[in-house]
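Chains as they are written, first to last, in our numbering: chain A, 16 to 208; chain B, 16 to 208. Beta carbons: idealized from backbone N, C-alpha and C, even for Gly.
2 protein chains.
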Amino acid sequence: MNKDHLIQFVQNVLPMSTGKAEQLVEKFKERKIARNEYLLKEGAVCNESHFIEEGIMRSYTYDLEGNDVTTAFYSKKIQASDLLSFFKRIPSKEYIQALTDCETWYITYEDMQTNFHTIPEFREFGRLNIINQFGILKQRMLSMLHETAEQRYGDLINSNPEILQNAPLKHIATYLGITDTSLSRIRKEFMKK
Amino acid sequence: MNKDHLIQFVQNVLPMSTGKAEQLVEKFKERKIARNEYLLKEGAVCNESHFIEEGIMRSYTYDLEGNDVTTAFYSKKIQASDLLSFFKRIPSKEYIQALTDCETWYITYEDMQTNFHTIPEFREFGRLNIINQFGILKQRMLSMLHETAEQRYGDLINSNPEILQNAPLKHIATYLGITDTSLSRIRKEFMKK
DNA sequence: GCTTATACTTAGCAAATGGCAAGAAATGAG
DNA sequence: CTCATTTCTTGCCATTTGCTAAGTATAAGC
């Protein structure tokens with residue numbers, strides 16, 4: 016496993032020479048996670064930020080009534096971690112679980128901190144990276160505000176078709192903010208088109 | 016107008032001595048914004064991050080059908096800016112407008128950058144500040160996923176009662192992701208309790 | 001291969017929400 | 001103050017979504 020995708024990811028967030036990008040990803044180590052294994056569990060402080068080379072993950076939490084709510088799906092070339100727990104050093108409220116066998120590149124909080132304070136490009140990259148995640152969340156928020164569940168479902172299968180193969184319908188439903196019954200009906204309508 | 020609230024805000028994000036906090040907020044300048052005036056307009060690059068000392072603001076954007084969608088309300092001791100535009104230096108997709116006369120403390124992108132790269136505490140503060148905004152958005156996202164419109168309305172009036180006095184119902188409705196008709200009915204039910 | 005658990009679909013009914021429109025109330029401009 | 005505009009409420013009906021439950025299909029464990 017080489018770091019080409021990781022380097023491309025870094026250069027995509029902040030354009031820079033390949034040599035500089037290689038320096039920024041120097042501390043990243045590889046990890047294999049088996050299907051169903053947990054990358055993070057509720058109550059633990061998230062201490063690693065993972066860049067997914069291969070595979071799919073799901074993060075989820077429980078609401079006040081004890082229902083499982085999918086907070087995100089992570090796939091190839093995406094970063095998986097609980098930003099709040101990672102940066103604020105507080106116990107996480109969510110679980111991150113591998114839906115398929117996964118391979119990732121990860122950096123620990125300590126290594127990230129060292130880079131952040133000693134390499135100017137790293138801190139620009141790091142900040143923009145967080146901002147990008149903020150942007151993704153904001154986009155999803157907007158889609159919750161004015162799109163129908165059917166449109167959101169369409170968005171999801173367009174951007175992440177692999178998720179449909181690997182996540183059960185009920186988890187996709189909670190991600191979209193609807194019940195599995197509704198999603199089953201929506202999917203049925205969708206087939207006709 | 017003194018910087019006490021701003022300094023408290025900084026210390027709340029990242030505990031530090033008052034002397035150090037004073038250094039971090041040195042570059043912030045004050046600004047008065049009249050009711051209905053715009054802090055930011057679509058197409059412009061957001062170049063200032065404002066900490067609200069007094070007043071209320073609303074940010075909004077237009078969806079594909081041209082409907083006005085409220086993306087956020089900002090009140091006292093909250094920061095108002097378009098993070099994506101501010102940090103990525105790209106044109107904003109939203110408007111930020113004062114709902115009442117406002118007074119703010121603001122810092123420009125250039126001053127923020129200088130502090131970010133020269134003062135270690137400032138960059139820790141800056142990053143945590145973004146993370147906190149991410150957390151607020153995530154919380155709101157979760158409430159969209161599993162709370163009813165009525166519960167979300169309750170959350171809003173508990174956390175920001177002043178908004179009700181200053182924002183028209185239709186703007187609160189788009190913030191909650193429902194129509195003004197629905198919100199009027201929800202509010203009616205709410206009164207009974 | 002058999003059994004059990006999980007996943008998915010479907011149906012019937014209830015509840016929530018939207019779209020449209022009319023009218024009352026509040027606000028703003030001159 | 002008056003008029004015009006905006007805001008808010010309400011009613012009617014259609015649509016969407018939720019809830020419960022039953023039945024089928026698929027997958028997992030032994």
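- Against isoleucine 146 (chain A), the close residues of chain B are Leu98, Leu99, Phe102, Lys103 and Ile145, in the order they occur along the chain (beta-carbon pairs closer than 8 Å).
- Going by beta carbons, methionine 72 (chain B) and isoleucine 105 (chain B) fall outside the 7 Å limit.
- Chain order gives the chain B residues near threonine 189 (chain A) as Leu160 and His161, where near means a beta carbon separation below 9 Å.
- Only those residues of the region 116 to 141 of chain A whose C-beta falls short of 8 Å from the nearest C-beta of chain B are listed: Phe131, His132, Pro135, Arg138 and Gly141.
- Under DSSP, serine 64 (chain B) takes part in a beta bridge, and its partners are B:Ile122.
- Phenylalanine 149 (chain A) reaches chain B at Leu98, Leu99, Ile145, Gln148, Phe149 and Leu152, counting residues in chain order whose Cβ is nearer than 8 Å.
- According to DSSP, glutamate 45 (chain A) shares a beta bridge with A:Trp120.
- Proximity of valine 84 (chain B) to chain A, defined by a Cβ-Cβ separation below 7 Å, is satisfied.
- With contacts defined as CB atoms closer than 7 Å, threonine 194 (chain A) and valine 84 (chain A) fail to qualify as a contacting pair.
- As computed with DSSP, arginine 200 (chain A) is found in no beta bridge at all.
- In the displayed model, serine 74 (chain A) falls within a strand according to three-state DSSP.
- Between the region 151 to 168 of chain B and the region 77 to 92 of chain A, the count of C-beta pairs closer than 8 Å reaches three or more; the two stretches touch.
- Sorting A:His65, A:Glu109, A:Leu171 and A:Gly169 by C-alpha distance to the C-alpha of tyrosine 124 (chain A) places A:His65 at the top.
- In this chain, leucine 55 (chain A) is not harboured by any alpha helix (DSSP H); it is covered by the beta strand (DSSP E) spanning 53 to 55.
- Shown here, isoleucine 105 (chain B) sits in coil according to DSSP, grouped into three states, outside any helix or strand.
- Aspartate 195 (chain A) carries a helical assignment under DSSP once its states are collapsed to helix, strand and coil.
- At a cut-off of 7 Å between beta-carbon atoms, methionine 206 (chain A) makes no contact with chain B.
- Taking the C-beta atoms as reference points, arginine 46 (chain A) is found nearer than 7 Å to threonine 119 (chain A).
- DSSP lists A:Arg73 as the bridge partner or partners of phenylalanine 88 (chain A).
- Just so you know, the alpha carbons of alanine 113 (chain A) and tyrosine 121 (chain B) end up roughly 43 Å apart.
- Burial check for threonine 86 (chain B): the Cβ neighbour count within 10 Å reaches 16 or more, so the residue is buried.
- Listed along the chain, the chain B residues whose CB falls inside 9 Å of the CB of glycine 169 (chain A) amount to none; the nearest CB is some 13 Å away.
- Bridge partners of tyrosine 110 (chain B) according to DSSP: B:Tyr75.
- Going by DSSP, valine 40 (chain B) is part of no alpha helix (DSSP H) at all; its letter is neither H nor E.
- Proximity of chain A to arginine 155 (chain B) at the Cβ level (cut-off 8 Å) is accounted for by Met156, in chain order.
- Per DSSP, reduced to three states, the secondary structure at alanine 182 (chain A) is coil, with no helix or strand assignment.
- Put simply, the backbone Cα of lysine 91 (chain A) is about 20 Å away from that of leucine 191 (chain A).
- With its beta carbon at least 7 Å from every one in chain A, aspartate 195 (chain B) lies outside the interface.
- Cβ-Cβ distances below 8 Å link leucine 29 (chain B) to Glu136, Glu139, Phe140 and Leu143 in the same chain, with the five nearest sequence neighbours on each side left out; the list follows chain order.
- Annotation for histidine 132 (chain B): no residue places its beta carbon closer than 7 Å to its own, counting only its chain and skipping 5 residues before and after.
- Listed by position along chain A, the residues whose Cβ is nearer than 8 Å to that of glycine 192 (chain B) are Met159, Leu160 and His161.
- Residue state for aspartate 83 (chain B) is assigned as strand, using DSSP reduced to three classes.
- Taking C-beta atoms as the reference points, aspartate 126 (chain B) and lysine 42 (chain B) count as a pair closer than 7 Å.
- Around isoleucine 178 (chain B), the same chain offers Phe88 as residues with beta carbons nearer than 6 Å, after the five sequence neighbours per side are excluded.
- Taking the Cα of lysine 185 (chain B) as reference, the smallest distance to any Cα among B:Phe101, B:Leu152 and B:Tyr168 is reached at B:Tyr168.
- Beta-bridge partners assigned by DSSP to glutamine 94 (chain A): A:Phe66.
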